[in-house]
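Shown next, in structure tokens, is the structure this report addresses.
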Amino acid sequence: MEKTKVNTPAGPTDAVELEFKVKSEPWTTLELEDGTTLHVKINIGKVFRLEQYDQMTGEPAYVFRSNNIVRSQVPAKLKKFQSYPKATNEDVA
Numbered sequence: 027m028e029k030t031k032v033n034t035p036a037g038p039t040d041a042v043e044l045e046f047k048v049k050s051e052p053w054t055t056l057e058l059e060d061g062t063t064l065h066v067k068i069n070i071g072k073v074f075r076l077e078q079y080d081q082m083t084g085e086p087a088y089v090f091r092s093n094n095i096v097r098s099q100v101p102a103k104l105k106k107f108q109s110y111p112k113a114t115n116e117d118v119a
């Protein structure tokens, strides 16, 4: 395990990048008050164990790099469609 630096709110911190395997990838489903349903999943790219420890438990702190995947089901009444000019024969040629 090779040491590296990661940015945290407190500034750059020593850390170790850890290999990992995904055991499950659940989706979180949210029902919004406007009738929209959102399906959200986090996609973890890298995991780091910091060389900082919780003072109460002694456990190391972890940070990760990730992005979110979002699927939505929006009621028709909330959708706005942009109108595009209709294609003419001149546009096709």
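Each residue of the sequence shown is one higher than the last, beginning at 27 in the numbering used here.
Where is the CB? At the ideal position from N, CA and C, for every residue including glycine.
Buried/exposed call for residue i, threshold 16 Cβ in 10 Å
i	result
residue 107	exposed
residue 102	exposed
residue 41	buried
Chain-order list of residues whose beta-carbon lies under 7 Å from that of residue i (same chain, five-residue window excluded)
i	result
residue 85	79
Where residue i sits in the DSSP three-state scheme
i	result
residue 29	strand
residue 103	helix
residue 64	strand
residue 80	coil
C-beta atoms of residue i and residue j nearer than 8 Å
i	j	result
residue 9	residue 72	The chain is shown from 27 up to 119; residue 9 falls before or after that span and cannot be answered.
residue 54	residue 98	no
residue 7	residue 56	In the structure as shown, the chain starts at 27 and stops at 119, and residue 7 therefore has no counterpart that could be examined.
residue 74	residue 32	yes
Same chain only: Cβ atoms within 6 Å of residue i, ignoring 5 sequence neighbours per side
i	result
residue 70	90 and 92
Cut-off 8 Å between Cβ atoms - residues of its own chain near residue i, not counting five sequence neighbours on either side
i	result
residue 27	42, 43 and 44
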